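Start counting the sequence shown at 319; every next residue gets the next number (the numbering used here).
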Amino acid sequence: MHFSSREIGASLGCSKTTVNDFLKRFRDCKELSFPLKSDVSNGTLYDLLYQKKGGVSSSLLYVEPDCEAIYKVLAKKGQTLKRLWRKYNAVGNRPSPEGMRRPYSYRQFCKHFSDWLGAKNLTCRIPRFPGQNVELDFAGMQLRLKNLYTGDFNTKVTIFLATMSFSDYCYAEGLVKCNIQGWLAVNTNAVHFFGGVTPVTTNDNCKVAVIENRDWIDPVINKDFQEWADHYNTTLLPAKVRKPKFKPHVEGAVKIVTQHILVEMQEMVFYSLADLNAELWKRLAVMNAAPFTAKPSSRLEMFNSQEREMLLPLPGTDYEYLERKEVRVYQDFHIRFDKSFYSIPERFVKQKVEVRATISLLSIYSERGELVWKWVRSHSPGSWNTEPTHLPKMFSDYLQWSVPFFQGWASSIGVNTRAVIDKMLEGVEYPEQAYRKCMGVLGFAKKYSKEALEACCCEAVLRGRCSYNYIKNTLISFAEDPEESVVQRENTTSACVDTFKVDGNRYSLQALLEKQEEK
């Protein structure tokens, strides 16, 4: 079948001139004949037909590097493409049957190696050496804590992982807040777990660690995290954004921990972060001690035998991030910090104090800088942390406020006060929601008098206004004239409380005899 140059060009989308030029070059080439041999590729055709006049093809002009050998050598300590190119280039021009060949430039050398990796679908191994690098990341799966009071699983726990790049020895810890305080705390715990520091830390690009990392060349590190790194003498080298292969060891650890530990822990119930971490560390120890599938040793054995002694020593003191806040002591002898309550000695009531908090410890200082008390920091929102010695004697038997406590206190003042407190406790979904208001109402007995409070509560019962605001706004009128308020209380008590009360003397012997005489 014969086609003209115009027909061939139309089918290929080119001009007939291009077709004629190709056919002329093919006829003039002594190395080619039709039909073509099976080993002749398009690249070979191009080199033979379109090489420069009097020259040779690019594949014959340069010395082709041994990319497979380069790939193997790069896995050794200290080897770089720059160093291997220098050795390749030092040989200079080399004779061949086609003529002298010259080495590629460094740029073309790297390009050829990169093209070879792409063609083989390979990745270049990043050399890892004992004690030189640790990789940081978060697990995608989260756990939850159960609220002891409400029964809800409303506290999320994120799992942090740190993995030694050489031995794959792994540390993990759960944290409830992925802020800078929590991030620094888990990193500090990790270096203590390993017993030393690596010169290089490859961290994830989470917001608490890296502010900006557009081109990977000059990332902007969080100031507090950089200070932490300076304190422990390690260099921060964040991985490329969305490039997990830059930290493959911790990525592998995340997968293993998720599949073999976190999935099972999701079915367990934890009420505190300490209990959750204790279970996590227990399971992690088993994982670190288990032998590798393709190696005779375990993560723990490799770390102890080859990596531990290569770590840099820890500094004499730990880096500590302090969160500072000025708060006022409530009348219930507690302060509120981070949605939790902590007691403080009675003498500081209504005064301002300074809270200095780490991730695990909360220190309270007076206005003069005196250390007042230290608490283990609570991570359960709404929790009450009370030291019995901080409370007055009337509170000393109660570690927490309770319904019986407020009812007993109210009964010691009067039946109407008890009625008001009962109404306030019944008017909320959870009794704890009314504790502060009950405290406020009962506290008026000290500010004014028990008699004034009882009279005011009697009127509140009559009017159906058993609330803290009503007592607060009307109590002053009962306290202006103590004698009058007492009389008013005596006159109104029987009306509002004793309406259905039977006279105690009604069935006495004398009353029965008098009634008999009347008949």
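Even glycine gets a Cβ: it sits at the ideal position worked out from N, Cα and C.
As the structure is a computational prediction, the values presented were derived from the model and not from experiment.
Checklist entry - Taking 7 Å as the line, does the beta carbon of F651 fall inside it for any heavy atom of the ligand GTP? => result No copy of the ligand GTP appears in this structure; indeed no ligand is present at all.
Next on the checklist: Assuming V475 and L493 are in contact, meaning their beta carbons sit under 8 Å apart, how far apart are those beta carbons, in whole angstroms?
Outcome noted: Along the sequence shown, one-based indexing puts residue 475 at 157. Along the sequence shown, one-based indexing puts residue 493 at 175. For V475 against L493, the beta-carbon gap comes to about 7 Å, under 8 Å, which counts as contact.
Next on the checklist: Please report the straight-line C-alpha distance between V733 and L771, rounded to a whole angstrom.
Outcome noted: Mapped onto the sequence shown, residue 733 falls at position 415. Mapped onto the sequence shown, residue 771 falls at position 453. Spanning the two alpha carbons is a distance of roughly 11 Å.
Checklist entry - Closest by CA to K342, which one among K355, L367 and A328? => result Position 24 of the sequence shown, counted from the start, is the residue given in the question as residue 342. That would be L367, whose Cα lies nearest to the Cα of K342.
Next on the checklist: Quick check: V381 and R401, are their CB atoms within less than 8 Å of each other?
Outcome noted: Locating residue 381 in the sequence shown gives position 63, where the first residue counts as 1. Locating residue 401 in the sequence shown gives position 83, where the first residue counts as 1. In this structure, R401 does not lie closer than 8 Å to V381 by Cβ.
Checklist entry - DSSP beta-bridge partners for S616? => result Position 298 of the sequence shown holds residue 616. Its beta-bridge partners are P609.
Next on the checklist: With the cut-off set at 8 Å, would you say V518 and I529 are in Cβ contact?
Outcome noted: The count along the sequence shown starts at 1 and reaches residue 518 at position 200. The count along the sequence shown starts at 1 and reaches residue 529 at position 211. The answer is no: Cβ separation not under 8 Å.
Checklist entry - Which whole-angstrom value describes the C-beta separation of D522 and A557, a residue pair presumed to lie in contact below a C-beta threshold of 8 Å? => result Residue 522 sits at position 204 when you count from the first residue of the sequence shown. Residue 557 sits at position 239 when you count from the first residue of the sequence shown. That pair is a contact at about 7 Å.
Item to check | Length of the line joining the Cα atoms of Y639 and Q649 | outcome: Translated into positions along the sequence shown, residue 639 becomes position 321. Translated into positions along the sequence shown, residue 649 becomes position 331. Straight-line measurement puts the Cα of Q649 at about 30 Å from the Cα of Y639.
Checklist entry - Sorted by chain position, which residues of the same chain lie with C-beta nearer than 7 Å to G500's C-beta, five sequence neighbours on each side aside? => result In the sequence shown, residue 500 corresponds to position 182, counting from 1. If we look at G500 and ignore the five residues flanking it on each side, its Cβ neighbours are L493 and I677.
Item to check | Range of the contiguous alpha helix (DSSP H) that encloses N787 | outcome: Within the sequence shown, the letter at position 469 stands for residue 787. Annotation: the continuous alpha helix (DSSP H) that includes N787 extends over Y786 to A797.
Checklist entry - Identify the residues that DSSP records as bridge partners of I682: which are they? => result Position 364 of the sequence shown, counting from 1, holds the residue named residue 682. According to DSSP, I682 bridges with V673 and W691.
Checklist entry - Residues in its own chain within less than 7 Å of G758 by CB, not counting five upstream and five downstream? => result By one-based count along the sequence shown, residue 758 stands at place 440. Cβ neighbours of G758 beyond the five flanking positions: Y786.
Checklist entry - Are there 16 or more other CB atoms within 10 angstroms of the CB of V604, so buried, or fewer, so exposed? => result Sequence index remark: in the sequence shown, residue 604 carries index 286 (1-based). When all chains shown are included, V604 counts as exposed.
Checklist entry - Touching or not, the segment 580-593 and the segment 452-466, by the rule of three or more beta carbon pairs under 8 Å? => result yes
Next on the checklist: Pairs of beta-carbons, one from the segment 429-438 and one from the segment 467-483, closer than 8 Å: are there three or more?
Outcome noted: no
Item to check | Buried or exposed by the 16-neighbour rule on C-beta atoms within 10 Å, applied to F621 | outcome: Here residue 621 refers to the residue found at position 303 when the sequence shown is read from its first residue. Around the Cβ of F621, a 10 Å sphere holds 16 or more other Cβ atoms; the residue is buried.
Next on the checklist: Distance check for N338 and A328, CA to CA, integer angstroms please.
Outcome noted: Residue 328 sits at position 10 when you count from the first residue of the sequence shown. Residue 338 sits at position 20 when you count from the first residue of the sequence shown. Their backbone Cα atoms lie some 13 Å apart in a straight line.
Next on the checklist: Please list the terminal residues of the continuous alpha helix (DSSP H) segment that includes V667.
Outcome noted: The residue labelled residue 667 in the question sits at position 349 within the sequence shown. Premise fails: V667 is in no alpha helix (DSSP H) and is neither H nor E.
Item to check | Member of R783, A508 and T611 whose CA lies at the smallest distance from the CA of A737 | outcome: As a first step, residue 737 must be located in the sequence shown, where it is residue number 419. Minimum Cα distance to A737 is reached at R783.
Item to check | Rounded separation between T552 and A408 - CA only | outcome: In the sequence shown, the residue the question calls residue 552 occupies position 234. In the sequence shown, the residue the question calls residue 408 occupies position 90. The alpha-carbon atoms of T552 and A408 are separated by roughly 36 Å.
Item to check | Identity of the residue in Y788, D656, V671 and P706 nearest M292 by Cα | outcome: One cannot answer for residue 292 here, as it falls past the ends of the chain, which runs 319 to 837.
Checklist entry - Which full runs of the alpha helix (DSSP H) of 4+ residues lie inside the segment 568-593, going along the chain? => result Runs found: none.
Checklist entry - If you run the structure through DSSP and keep just helix, strand and coil, what is K474? => result Along the sequence shown, read from residue 1 onward, the residue named residue 474 stands at position 156. Looking at K474 - three-state DSSP - the assignment turns out to be strand.
Checklist entry - For the putative contact between Y487 and L618, defined by C-beta atoms under 8 Å, what is the C-beta separation to the nearest angstrom? => result Indexing the sequence shown from 1 puts residue 487 at position 169. Indexing the sequence shown from 1 puts residue 618 at position 300. So it is a contact: roughly 6 Å between Cβ atoms.
Item to check | Short Cβ contact (8 Å threshold) for V645 with F659 | outcome: Start at 1 with the first residue of the sequence shown, and residue 645 comes out as number 327. Start at 1 with the first residue of the sequence shown, and residue 659 comes out as number 341. No, these two residues do not count as a Cβ contact at 8 Å.
Next on the checklist: Does Y660 come out as helix, strand or coil in the three-state DSSP assignment?
Outcome noted: Position 342 of the sequence shown holds residue 660. Correct three-state label for Y660: strand.
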